[in-house]
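K.L.:
Dumping the structure here so I can ask a few things about it.
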Amino acid sequence: MCFWPVSPLFPGGLTTSGDTPKVPPQPNPTPTTPVDQVIEASIDVVAALISCSTGAFIMLVSTQLTWFFLRRLGRLHPFIKYFERRSRISGSIAAFLLGVHLGWLWSMHGVPGAWIDLVGHTLLIITILGVTWWLMRLCAVLEDLTRTHRENDKKPSRLLTQAQVLHRVLQAFFAVTGASVIALSFPQARVAMGSVLASAGVISLIAGIAAQGLLANMFAGVQIAFSDSIRVGDLVVVHGESGTIEEITLTYVVVLMWDGRRLILPSKKFTEDAFENWTKRDAQLLGTVEIHADWRLPVPSLRNEVDRLLNDTDLWDGRTANVQVTDSSADGMVVRVAVSAPNSGDLWDLRCYLREHLIDWIQAEAPYALPRQRLEPQQVETVSLPADKIAMERQLRYSVIAENHAQNARRREEAAEARKEAAYATDPYGEPILEQYARKLLDKRRSWRAKARDLDLSTAETDECSDDSAAAFDASDLAQTKVFSPTTTISTERFYSGSPDAEKRREKLTGASRDSKSTSNSELASHESETSSKDAP
Numbered sequence: 001m002c003f004w005p006v007s008p009l010f011p012g013g014l015t016t017s018g019d020t021p022k023v024p025p026q027p028n029p030t031p032t033t034p035v036d037q038v039i040e041a042s043i044d045v046v047a048a049l050i051s052c053s054t055g056a057f058i059m060l061v062s063t064q065l066t067w068f069f070l071r072r073l074g075r076l077h078p079f080i081k082y083f084e085r086r087s088r089i090s091g092s093i094a095a096f097l098l099g100v101h102l103g104w105l106w107s108m109h110g111v112p113g114a115w116i117d118l119v120g121h122t123l124l125i126i127t128i129l130g131v132t133w134w135l136m137r138l139c140a141v142l143e144d145l146t147r148t149h150r151e152n153d154k155k156p157s158r159l160l161t162q163a164q165v166l167h168r169v170l171q172a173f174f175a176v177t178g179a180s181v182i183a184l185s186f187p188q189a190r191v192a193m194g195s196v197l198a199s200a201g202v203i204s205l206i207a208g209i210a211a212q213g214l215l216a217n218m219f220a221g222v223q224i225a226f227s228d229s230i231r232v233g234d235l236v237v238v239h240g241e242s243g244t245i246e247e248i249t250l251t252y253v254v255v256l257m258w259d260g261r262r263l264i265l266p267s268k269k270f271t272e273d274a275f276e277n278w279t280k281r282d283a284q285l286l287g288t289v290e291i292h293a294d295w296r297l298p299v300p301s302l303r304n305e306v307d308r309l310l311n312d313t314d315l316w317d318g319r320t321a322n323v324q325v326t327d328s329s330a331d332g333m334v335v336r337v338a339v340s341a342p343n344s345g346d347l348w349d350l351r352c353y354l355r356e357h358l359i360d361w362i363q364a365e366a367p368y369a370l371p372r373q374r375l376e377p378q379q380v381e382t383v384s385l386p387a388d389k390i391a392m393e394r395q396l397r398y399s400v401i402a403e404n405h406a407q408n409a410r411r412r413e414e415a416a417e418a419r420k421e422a423a424y425a426t427d428p429y430g431e432p433i434l435e436q437y438a439r440k441l442l443d444k445r446r447s448w449r450a451k452a453r454d455l456d457l458s459t460a461e462t463d464e465c466s467d468d469s470a471a472a473f474d475a476s477d478l479a480q481t482k483v484f485s486p487t488t489t490i491s492t493e494r495f496y497s498g499s500p501d502a503e504k505r506r507e508k509l510t511g512a513s514r515d516s517k518s519t520s521n522s523e524l525a526s527h528e529s530e531t532s533s534k535d536a537p
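The sequence shown finishes on residue 537 if you use full-length UniProt numbering, and the numbering steps up by one all the way, no holes.
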């Protein structure tokens, strides 16, 4: 057998007539040996790593350049500044994961293999989580921008409250959306999602019953944000404790107490139960200081001292200050000092300031007016009278009572006769009306006699002890009575009148005056008359 060398013109070579042509070996696309499979897999992994690294590097470089330009533009507008600040870390991580995923798709597109699909699906889920986290971080930009535009940090902000609630709503929306996208990335979950959507009515009913408390708090949080019942910074009293609204979320409200404690309350607590909001319209408040003292306390001098104390402090805003005796009892009296302050903190300090200094003033200037309890022993004398003297006293008392009855009866008869004559003299109709008048007069006389009989009995018994009770008073007590002349002070005796602020309170409680009503009625009548005159031909 003779072989000729293989040439490009004769790829099968030259053979003799009795031999068949020999085909040269061709490369096999599917390796059959383990060594070839390992070499091909190694080449694929190295290519994928290079592609993923390249994509991540490109995304990181572009992200850092974007943040650099945003920092420069952030000096012009605060929105760009807060956007760059919130996206600096989360945005970089999301861009890195996105670059890795894009590099993997570019290098492994169309390459068969179970492990390749598994790694690609895992990278997709991680990328979705990173992007979702970045979007949830961006929801806080609106709240940061609202805090910057607040004119006064001490003033409660309605816009800030709504921004906080909107921040939570957007975060919940992006979280649910991200979870749904991750679930839909599984083929089995798509079929299950179709079944869920087909039975959405029944499932929503079951979910609503199971999560009734959660949904109630969520809707209550939205209602609080847009009804403006409370705002961030409001001073409220809940469950008998006062505090400041620090944070409002979809499901709960954080109340900062005066001692640093934080009270966490569900949102529906502020929509179903009553609470006090001291700063709903403004922060100006009224407070009282009550002083318990003896009856001998010089109230005019106390008013002068209150004026002096208020003028010496900057806690008082100058709106209202008055001193009144609001109660009295056997132990003494209660003096109430009502003052005003610009906010609740200053009002608390002002009340403590007045209470301390007024107690010191009473101890130093009027110690006799300190609260005290009086115990007066009474000596009882037993008097024994003979029986005949007691009978004579009783008979004398009865005779005096009978004489008083007779005198009263004569007086009533004389008065009745006089009225009868006067009525008859002025009666134009004669006898019938006079008889009717006499009958009415007789009925009144009977009722008068019954009342006079009871009155005479009580008068006779009172006259016997009047002399003894009059002697019990000591003239020396009257000599010790002191009269203080009223002086012109800032703190008036009238709480609902005397100052413009007090007059406003009085108008709110009493309503419009009779003069204003008559004026409005006259204006309305004049307007109607003008209208009728114009309509007349």
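Cβ atoms here follow ideal geometry from the backbone N, Cα and C, with glycine treated the same way. The model shown is predicted, which means the values in this text are computed figures rather than measured ones.
Please state whether DSSP places E381 in a helix, a strand or coil.
P.N.:
Note: E381 maps to coil in three-state DSSP.
K.L.:
With P371 and A293 assumed to form a contact (beta carbons below 8 Å), what rounded beta-carbon distance in angstroms separates them?
P.N.:
With 8 Å as the limit, P371 and A293 qualify as a contact, their Cβ atoms being about 6 Å apart.
K.L.:
Looking at the structure shown, is I89 part of a helix, part of a strand, or coil, going by DSSP?
P.N.:
Residue state, collapsed to three classes: coil.
K.L.:
In the DSSP assignment, the alpha helix (DSSP H) including Y353 goes from what residue to what residue?
P.N.:
Its alpha helix (DSSP H) spans residues S344 to E365.
K.L.:
Looking at G130 and A179, is the spacing between their C-beta atoms short of 7 Å?
P.N.:
Result no, Cβ atoms of A179 and G130 do not sit closer than 7 Å.
K.L.:
From R308 to L302, what does the alpha carbon distance come to, in whole angstroms?
P.N.:
About 10 Å.
K.L.:
State the CB to CB distance for the pair L142 and H167, rounded to an integer number of angstroms; the pair is presumed to be in contact (CB under 8 Å).
P.N.:
With 8 Å as the limit, L142 and H167 qualify as a contact, their Cβ atoms being about 6 Å apart.
K.L.:
Using the beta-carbon count (16 or more within 10 Å), is W316 buried or exposed?
P.N.:
Buried, since its Cβ has 16 or more Cβ neighbours within 10 Å.
K.L.:
Out of L65, R505, F57 and T63, which one is the CA nearest neighbour of L286?
P.N.:
Nearest C-alpha to L286: R505.
K.L.:
Just the C-alpha distance for S90 and W134, rounded to the nearest angstrom, thanks.
P.N.:
Taking the straight line from one Cα to the other gives about 5 Å.
K.L.:
Using three-state DSSP, classify S185 as helix, strand or coil.
P.N.:
Coil at S185, not helix or strand.
K.L.:
Would you call the CB atoms of T271 and Q223 closer than 7 Å?
P.N.:
Yes; because the gap between Cβ atoms is below 7 Å, this pair is in contact.
K.L.:
Measure the beta-carbon distance from V299 to V335 and round it to whole angstroms, keeping in mind my assumption that it falls under 8 Å.
P.N.:
Going by Cβ atoms, the distance from V299 to V335 rounds to 7 Å, so yes, they are a contact pair.
K.L.:
Assuming S51 and L124 make a contact with CB atoms under 8 Å, what is their CB distance in whole Å?
P.N.:
Not quite, the Cβ-Cβ distance comes to about 16 Å (not below 8 Å), so this is no contact.
K.L.:
Would you report the Cα separation of C139 and I80, rounded to the nearest angstrom?
P.N.:
Rounded to whole angstroms, C139 to I80 spans 14 Å at the Cα level.
K.L.:
Are there 16 or more other CB atoms within 10 angstroms of the CB of W104, so buried, or fewer, so exposed?
P.N.:
By the neighbour-count rule (16 or more Cβ atoms within 10 Å), W104 is buried.
K.L.:
Alpha carbons only, please: which of W106, S399, V232 and V169 is nearest the one belonging to E136?
P.N.:
As written in the sequence, residue 136 is Met, which differs from the Glu given in the question. Here the closest residue by C-alpha is V169.
K.L.:
Quick one: which unbroken alpha helix (DSSP H) runs of 4-plus residues sit fully inside the UniProt domain "Mechanosensitive ion channel MscS" (214-280)? Chain order, please.
P.N.:
Qualifying alpha helix (DSSP H) stretches, in chain order: 269-272.
K.L.:
What did DSSP end up calling R336 once you bin it into helix, strand or coil?
P.N.:
If DSSP states are grouped into helix, strand and coil, R336 belongs with the strands.
K.L.:
Would you report the Cα separation of G99 and L76, rounded to the nearest angstrom?
P.N.:
Rounded to the nearest angstrom, the two C-alpha atoms are 31 Å apart.
K.L.:
Where does M392 land, buried or exposed, given buried means 16+ other C-beta within 10 angstroms?
P.N.:
With fewer than 16 other Cβ atoms within 10 Å, it is exposed.
K.L.:
Which value, in whole angstroms, describes the spacing of the CA atoms of T488 and N304?
P.N.:
A caution first: T488 carries a pLDDT of 42, below 50, which makes its placement in the model too unreliable to give a value.
K.L.:
Out of curiosity, what's the CA-to-CA distance linking A364 and R319?
P.N.:
Cα to Cα, the separation comes out at about 29 Å.
K.L.:
Assign H77 to one of three DSSP states: helix, strand, or coil.
P.N.:
H77 falls in the coil class under three-state DSSP.
K.L.:
With 16 as the cutoff for other CB atoms within 10 Å, does N322 come out buried or exposed?
P.N.:
The residue in question, N322, is buried, as its Cβ has 16 or more Cβ neighbours within 10 Å.
K.L.:
How is E376 classed by DSSP in three states: helix, strand or coil?
P.N.:
In this structure, E376 counts as coil in the three-state DSSP scheme.
K.L.:
Among the residues of its own chain, which have a CB less than 7 Å from the CB of I126, if the five just before and after it don't count?
P.N.:
Closer than 7 Å at the Cβ level, and outside the excluded window around I126, lie L97.
K.L.:
Distance, Cα to Cα, D331 vs Q284?
P.N.:
Straight-line Cα distance between these residues: approximately 35 Å.
K.L.:
Quick one, which of W106, T122 and G221 has its alpha-carbon nearest residue 565's?
P.N.:
Beyond the ends of the chain as shown, which are 1 and 537, falls residue 565; an answer cannot be given.
K.L.:
Helix, strand or coil for G318? Go by DSSP, reduced to three states.
P.N.:
Correct three-state label for G318: coil.
K.L.:
If M108 sits next to A48, beta carbons under 8 Å apart, how far is it from one beta carbon to the other, in whole angstroms?
P.N.:
The pair is a contact, with the Cβ atoms about 6 Å apart (cut-off 8 Å).
K.L.:
Taking 7 Å as the threshold (C-beta atoms), are T161 and V232 in contact?
P.N.:
Their beta carbons are under 7 Å apart, which means V232 touches T161 by this criterion.
K.L.:
Can you have a look at K444 and say buried or exposed, based on whether 16 or more other CB atoms are within 10 angstroms of its CB?
P.N.:
K444 is exposed by the Cβ-count criterion.
K.L.:
Excluding sequence positions up to five away, which residues of its chain have a Cβ less than 8 Å from the Cβ of A471?
P.N.:
Low confidence applies to A471: its pLDDT is 43, below 50, so where it sits in the model is not reliable enough to give any reading.
K.L.:
Answer yes or no: do S229 and T251 have a C-beta to C-beta separation smaller than 7 Å?
P.N.:
Not a contact, by the Cβ cut-off of 7 Å.
K.L.:
Assign Y353 to one of two classes, buried (16 or more other C-beta atoms within 10 Å of its C-beta) or exposed (fewer than that).
P.N.:
Buried is the call here.
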